[in-house]
Every structure is written in structure tokens, then in C-alpha cells.
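Trainee:
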Amino acid sequence: MFDEITSNIKAGFTTVHGGVSCGSYQSANLGFHVGDYSERVACNRRRLEDYIGMPLVWMEQVHGSHIHSIGGCDPVELAVDEYGFLTVGKADGIFLEPEAVPATGLALAVMVADCVPVLIADRQEERIAAVHMGRRGMERRILAKALKMFLDRGSRVENIDVRFGPHICARCYEVSQDVYRSSIPEAQCDTRWGTRGIDMTAGGVAQAHQLGINSILVDSECTYENDLYFSHRVASKRGEQTGRFAGVISFEPHDTPTKY
Ligand SMILES: [Zn+2]
């Protein structure tokens, strides 16, 4: 499930499987905000932490374009939420400087159910980030903003690796005429039904390319078509709520020398 980007950085995406939630949240729902029993969500999050072997940092996603930084200049204070999980509070991106990572390691999580979970790593300097890119975040250029944070701190374009996780594909993401017209040109497309659609991947890839970043891996699995992932759209059509899966990127510090 998790790929090695460097020997210290791993990235991957969860699925609906492996948790304890029931009904439309079956079974690995990671979102507290979607109406599931909180003790089940907490159990699912603990299982994920156990699997990756280190604490996870979450964010309260608001479809904005704010990115909190852990470490570096202007760092955010990490808080513990009411369920005992680390959080940066309201944000749609988390950025992590390697010197801010405790000996236990630290991982960043972005929750989605149709939006694009984006995981970014600088293979050389070992900075990492997790970004929530829905349609609105894409239109507000959240990915460009995240990538500029890497470049501003000294990352080189050729060392930056960008991964887009499972999300609703361009052929399935139907929108109204108004939403289509007000979106950015790179993202405007037609759906499988010949109606107006939005291609979040194309919008995001354009932002990376404009900055000269070309190492982009796009997961082509569509959340709308594949029941391995939670889909807000599929659930809404049934009049149900649904769970959230996550994109996770982790950093494990290099071995520190033993002190005698
Ligand atoms: Zn699709």
C-alpha cells in the first residue's frame, strides 16, 4: 500500500478496507465529521498509525488554500484534538520540514472522498507535504502554493516528486454550466455523458508544469467508479453520507548516532 520515495519517506493511499465502521462508512472511515461513531473512527485512525508505525498529523479541511507548516519559519503549533490525534487545525495543506520531525517519525494525512489527495516530497532535502485539492482548492491554486513553499525554502524542481491519489475522474465529474464557466480553462472538459465536467488532474498538473515540476505520478483510479474508495457523489445519489479515505506521507528520521 505504501511506496518508498526515499529510504526515509513513504507515501500511499488507504482504501475502504481494514476498519471497524459499519453501513455506508464500511469499514475504514477516517473522518470524524461525516456522522460515523467517533470511537470507530478513532479505532480506524489508530490502526493506520499502527500500520505505518508513527503518529499522524491531521487537518480540519475547509476547501480553502491555507497550508500550515510544521517547522521552518512561521511554524504552526501542533495540537491534540478531542479524540487524541495530532492536528494543525483548519487548513487544506500540511508542510513538514525534516528538522521538525521527532525521533518517532511523523506522517501527514489528507482525507478525501472524490477530491484529489496530493502528496509531495523533495527527495534530496526530504521536505514533505500533504494537500487537499478539491475543485475549489485547484481553482485557488493550492498546489502551486504548496510547490512554491518547497522552492522558496531551497528545493530544486528536479528533486520534487508529486503524487495524485485516487479521485473522481474527469469523465465522471459532472458540474453545472455555471461552475464549468467559472472554472479555470485547463480544467474544463466534457464528461462521459457529453455534459460539462471538471478535470482536477489537468488543473493541478498545469500548476506543477508552470513551475517547471515534471515528476508527477497520477493515480488513474476513479473514486466514482471504483468501490475500493469512498465517494461523496456516489453516496449523495443514494441519499447517504459516506466515509473518508486518506493520502499519507511519512518521514522517518535518519538513525541518530548512539551516545556513550
Ligand atoms: Zn470516473
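Residue numbers (my numbering): 22 to 281.
Just so it is clear, CB atoms sit at the ideal spot from N, CA and C, and this is done for glycine as well.
On a predicted model such as this, the values are computed, not experimentally measured, just so you know.
#1: Helix, strand or coil: which one does DSSP assign to H84?
#2: Given a threshold of 16 other Cβ atoms within 10 Å of its Cβ, counted over all protein chains shown, does T216 qualify as buried or as exposed?
#3: State yes or no: is the C-beta of Y245 nearer than 7 Å to some heavy atom of ligand 1?
#4: Comparing alpha-carbon positions, which option in H87, R67, V131, G93 lies nearest K166?
#5: What residue range does the alpha helix (DSSP H) around F272 cover?
#6: Do the region 173-186 and the region 135-143 make contact, defined as three or more Cβ pairs closer than 8 Å?
#7: So, T244 versus V55, is the Cβ gap smaller than 8 Å?
#8: Do the region 103-122 and the region 152-160 meet, that is, are 3 or more Cβ pairs less than 8 Å apart?
#9: So, does the CB of L117 fall closer than 8 Å to a CB anywhere in chain B?
#10: Which parts of the region 138-204 are runs of the alpha helix (DSSP H), unbroken and 4 residues or longer, counting only runs that do not cross its ends?
#11: Who are the Cβ neighbours of E70 in its own chain at under 7 Å, not counting the five residues just before and after it?
#12: Of the residues Q231, Y46, R66, G268, which one's Cα is nearest the Cα of I57?
#13: Consider the C-beta atom of R192 and the heavy atoms of ligand 1; say whether any pair is separated by less than 7 Å.
Mentor: In short, the structure shows the following:
#1: Counted from its first residue, the sequence shown places residue 84 at position 63. Looking at H84 - three-state DSSP - the assignment turns out to be coil, as it is neither helix nor strand.
#2: The residue given as residue 216 occupies position 195 in the sequence shown. So T216 counts as exposed.
#3: Along the sequence shown, one-based indexing puts residue 245 at 224. Yes, the Cβ of Y245 comes within 7 Å of a heavy atom of ligand 1.
#4: Locating residue 166 in the sequence shown gives position 145, where the first residue counts as 1. When only C-alpha atoms are compared, the closest one is H87.
#5: Position 251 of the sequence shown, counted from the start, is the residue given in the question as residue 272. From DSSP, F272 is part of no alpha helix (DSSP H) but of the beta strand (DSSP E) over 266-272.
#6: Enough Cβ pairs lie closer than 8 Å, so yes.
#7: Counted from its first residue, the sequence shown places residue 244 at position 223. Counted from its first residue, the sequence shown places residue 55 at position 34. With contacts defined as CB atoms closer than 8 Å, T244 and V55 fail to qualify as a contacting pair.
#8: Segments in contact, yes.
#9: In the displayed structure, chain B is absent; only one protein chain is listed.
#10: Complete alpha helix (DSSP H) runs here, min 4: 156-160, 163-173, 198-203.
#11: Along the sequence shown, read from residue 1 onward, the residue named residue 70 stands at position 49. Hits under 7 Å: P76, L77.
#12: The residue given as residue 57 occupies position 36 in the sequence shown. In the sequence under discussion, the amino acid at residue 57 is Asp, which differs from the Ile named in the question. Comparing Cα-Cα distances from D57 to each of Q231, Y46, R66, G268, the minimum goes to Y46.
#13: As a first step, residue 192 is located in the sequence shown; it is residue number 171 there, counting from the start. True, at least one ligand heavy atom lies under 7 Å from that Cβ.
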